[in-house]
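*Asks:*
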Amino acid sequence: MASVGIKSYAYCLNHAPETGSYYGGTPHEARTSGKEQEYVDALPKHLQTYDQALHYAPNQTYIGGISYEEFESLATPWTDNPLPDEKAQRYGKFGELMPEDEFLGLISACDEFELVWLEPSFAQAVSEKLAKDPFITEAIVKRVVRPKNMHDIAEIKAEVEERDGLYLYHDGKPVGCVRSGHPTDPCLTSHVLLENLAGKASGVLALLHLLKNSGLDAKDLDFVIECSEEGAGDVGQRAGGNFAKAIAEVAGCVNASGCDVRGFCAGPVNAMINAAAQVASGARKNIAVVAGGSIPKLYMNSRDHVKKGLRALEDCVGSFAVLMLPDDGTMPVMRLDVLGKHTVGAGGAPQAVTSALTFEPLQAAGLTFADVDRFAPELQNHEITEPAGAGNVPLANIKMIAALAVMKKAVEKADMMKFIKEHGTVGFAHTQGHIPAGVPFIGPGCELINEGKIKRFMVIGKGSLFLARLTNLADGASFLIEAPTGKPASSSAVTKDDVKALILEALSEVAGKLN
Amino acid sequence: MGKLAGKKLLLLGERDGVPGPAMEACLKDSGAEIIFSATECFV
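As they're listed, the protein sequences go chains U and W.
The opening residue of the first sequence carries number 50 in the working numbering; numbering runs sequentially from there.
The opening residue of the second sequence carries number 495 in the working numbering; numbering runs sequentially from there.
1) Mapping DSSP to helix, strand and coil, what is Leu237 of chain U?
2) Any C-beta of chain W within less than 8 angstroms: which residues of the stretch 378-399 of chain U qualify?
3) Closest Cβ-Cβ distance between Thr480 of chain U and chain W: below 8 angstroms?
4) Let me know if Lys511 of chain U comes out buried or exposed under the rule of 16 or more other beta-carbons within 10 Å of its beta-carbon.
5) Out of W:Phe536, W:Thr533, W:Asp523 and W:Ala532, state which residue places its alpha-carbon closest to the alpha-carbon of Gly500 of chain W.
6) Which full runs of the alpha helix (DSSP H) of 4+ residues lie inside the stretch 296-347 of chain U, going along the chain?
7) Run through chain U and tell me which residues come within less than 7 angstroms of Ala526 of chain W, C-beta to C-beta.
8) Quick check on Met466 of chain U: buried or exposed, where buried means 16 or more other Cβ atoms within 10 Å of its Cβ?
9) Compute the beta-carbon to beta-carbon distance between Ala340 of chain U and Ser277 of chain U, rounded to the nearest angstrom, for a pair I have assumed lies under 8 angstroms.
10) What three-state label does DSSP hand Ser176 of chain U in the structure shown?
11) Taking Cβ positions, are Thr128 of chain U and Phe477 of chain U nearer each other than 8 angstroms?
12) Along chain W, in chain order, which residues have C-beta atoms closer than 8 angstroms to that of Val442 of chain U?
13) Buried or exposed: which applies to Cys520 of chain W, given that a residue is buried once 16 or more other Cβ atoms fall within 10 Å of its Cβ?
14) Between which two residues does the beta strand (DSSP E) containing Gly114 of chain U stretch?
15) CB-CB under 7 angstroms to Val284 of chain U, same chain, minus the five flanking residues each way: which ones, in chain order?
16) Per DSSP, which residues does Met147 of chain U bridge with? Please list them.
17) Strictly under 8 angstroms for the Cβ-Cβ distance: is Ala516 of chain W near chain U by that measure?
18) Where do the N-terminal and C-terminal ends of the alpha helix (DSSP H) with Met466 of chain U fall, by residue?
19) Look at the alpha carbon of Gly396 of chain U and the alpha carbon of Leu522 of chain U, and state the distance between them as a whole number of angstroms.
20) Report buried or exposed for Ala463 of chain U, applying the criterion of at least 16 other Cβ atoms within 10 angstroms of its Cβ.
21) State whether the stretch 283-303 of chain U contacts the stretch 244-262 of chain U, with contact taken as three or more CB pairs (one from each stretch) at a distance under 8 angstroms.
22) Mind checking Leu406 of chain U: buried by the 16 CB within 10 Å criterion, or exposed?
23) Which residues in chain W have a C-beta closer than 8 angstroms to the C-beta of Asn521 of chain U? List them in chain order.
24) Can you look up Asp524 of chain U in the DSSP assignment and give me helix, strand or coil?
25) Going by CA-CA distance only, name the one from U:Pro410, U:Gln173 and U:Phe369 that's closest to Leu385 of chain U.
26) Quick check: the stretch 503-514 of chain W against the stretch 367-374 of chain U, are there 3 or more CB pairs under 8 angstroms?
27) Determine the direct distance from the alpha carbon of Lys457 of chain U to that of Thr68 of chain U, and round the result to whole angstroms.
28) Sort U:Ser239, U:Met380, U:Gly289 and U:Glu279 by Cα distance to Gly342 of chain U and report the nearest one.
29) Expressed to the nearest angstrom, what Euclidean distance is found between the alpha-carbon atoms of Ala137 of chain U and Phe120 of chain U?
30) Go ahead and label Glu363 of chain U buried or exposed: buried means 16 or more other beta carbons lie within 10 angstroms of its beta carbon, across all protein chains shown.
31) Would you call Glu554 of chain U buried or exposed, if buried means 16 or more other Cβ atoms sit within 10 Å of its Cβ?
32) What's the call for Val175 of chain U, buried or exposed, on a 16-neighbour Cβ count within 10 Å?
33) So what does Lys222 of chain U bridge to, in DSSP terms?
34) According to the neighbour-count rule (16 or more other Cβ atoms, all chains shown, within 10 Å of its Cβ), is Phe47 of chain U buried or exposed?
35) What residue range is occupied by the uninterrupted alpha helix (DSSP H) comprising Asp546 of chain U?
36) Check the Cβ-Cβ distances between Ala445 of chain U and every residue of chain W, and say whether any is below 8 angstroms.
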C-alpha cells in the first residue's frame, strides 16, 4: 500500500467585507447593472464587523480556535450564539483570521509590478500592524512600505478615474487602488488582478502558517501545488499560471518550485492526490498543497441574506495549506490505494456519483461504509446556504452516502439516521468554491486521529465543470486518511495484487507451452 | 406516460442535488418535451 504522511496543516481567513461589498461577484454585478440599487444600498447594513466574525463559531472552527468536537456540540443558530471572548481570538491552532486593513497591506506586499498602490499613511499603519503578526516575515512587512507602491490619494484617484483602476476601501474611504495591468488585455484588468493578487496573498498567509505549524524551514520546502479556482495569465494564455511558485517566492521558499492544479471545487482533492503520489514515489522530498481564496465568491448569496434581514456572512477570503512528507509511520497517512474517481462514464445521477466516490474505492480496499468514522464531503456552512435556497450541502451529501450504505446492506435501514449523525460532518467553511471541498476537515480529522478518537476519515470534493461550458459533466474525487501505521511505508513494497498478477502471468506462460 | 405527456419542461438541476442530465434521463419516456435543461452550482 503506497501512502504518504500528513505532517501539518494550516487554515486562514482574511476578513474582507468592504472589498467584498464592492468586488464580490453578486454585489459587483448589482452595482454595474444599476438594476438593484435597493440591494446595493441595503448590503452595508448587513455586513458583520471583524469582532462579530471572530465570535462566529464556524470561523473559529476553521482556524482551529475551537475543536471540531466542540463546534458540533454548540447551540445553533451560530449567529445568535456568539462564542465567549476567550474563544474568539485572532489566532487558532491552525491559522488566523486577519483584519481587512492588514489583508490589503499583504496584497500590496505580494505585488511585483507596482499594481497595488496604497496611500502612504495607511500603508505605514498596516505595516506596523502586520509587524506584530508572528507569522508575517520581516521582508513582507518591508514590502508594504515600498516607495513605488505608495501614492497620495490624488494620484490614486487619477489612476481609478483615468486608467481603469479599482479603489481599495477601508472604513468607508478609498485608501488605495489596484491598477490596470494592460490598456487592452482583458486578462490583465484591475478587477482580474485584484482577484489574482488576493488569491496569491491569502495563499501566502496559509503557507506561512503551515511552515510555522510544521517547524519546516522555508528553505527546506521542495515543491508547492496550488489548487485555487483563479486563472492567472494574459490574453495569449488566460490561465497559464503559476500561483504556486509566486506564493513560494513571497514565503521565502527559495529551494521550492511549484505548479497549479485546477478542477473547480474538486481541485484541492485532485491536488492532494497529485502531491501524495509524488511524495510517496520519492519524486519530491515534500510538498505543500496550498490554495488562496476567492474575491468573486464574497457575498455570493447576499441577495437572499439582505432580503431575509440576515447577517451577510460571506465576508472572508479563505485559504488552506497541507504539508506532506514520506510516511515514516508516525503521522496520519493518506492512502493511495483508496481513491474515488468520478469517471466520464459514471453519469450524473447522485447515486452513481456517490458510489464512484465512496462505495467503489472502499470495496476495492476491502472496507465498508462503517469502517469510515467520518465522511467529509463539501463542507459549506449551512447558515449561509439555506437562506439562499441551496440547502444544507454536507447534510445532503451524507444522506446520500447513508442511503447508498443501506442499499449496499452495509447499514440497516433503521440505523440510517444514526449513521448520518455519527459518520457525517457539519459544515463550517465559507462558500469560497474550492475551499469547502472536503479539505477543511483534514486538520480537525488528523487532530481526532492523533487524539485516538477516530481511525479513519474520507475527504470528498466535487467540481462543477459545467460552469466552464466545455462539458456538461461534473467531477469528483475522494481519498482516505488513516491513523499512523507505526512503521514506514515502502513505495516498492509488493502488494497482493502484484503477487496475483505474477502468478497469472506464470500460469498463462505454462498454459501457452501446453498448447 | 402520465400527467407530463404533451407538456413542455424546463429542468434546472443542482450539482449536490439532482443534476439536469439525470432529470432528463428520468423524464425521457414521460411524453413531455424537454425544452431546456441545465445544472447550476450555488456554492
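Glycine included, each C-beta is placed from N, C-alpha and C at the ideal position.
*Replies:* With the structure as the only source:
1) helix
2) Gly396, Gly397, Ala398 and Pro399
3) yes
4) buried
5) W:Asp523
6) 316-330
7) Ordered by position in chain U, no residue passes the 7 angstroms Cβ test against Ala526 of chain W, which lies about 19 angstroms from the chain.
8) exposed
9) About 4 angstroms; that satisfies the 8 angstroms criterion.
10) helix
11) no
12) Asp510 and Val537
13) exposed
14) Note, Gly114 of chain U: premise wrong, no beta strand (DSSP E); not H, not E.
15) Asp234, Pro235 and Cys236
16) U:Asn63
17) yes
18) Met465 to His472
19) 8 angstroms
20) exposed
21) yes
22) Label assigned to Leu406 of chain U: buried.
23) Gly514, Pro515 and Thr533
24) strand
25) U:Pro410
26) no
27) 48 angstroms
28) U:Glu279
29) 13 angstroms
30) buried
31) exposed
32) buried
33) Looking at the DSSP assignment, Lys222 of chain U forms a beta bridge with U:His219.
34) Beyond the ends of chain U as shown, which are 50 and 564, falls residue 47 of chain U; an answer cannot be given.
35) Lys545 to Leu563
36) yes
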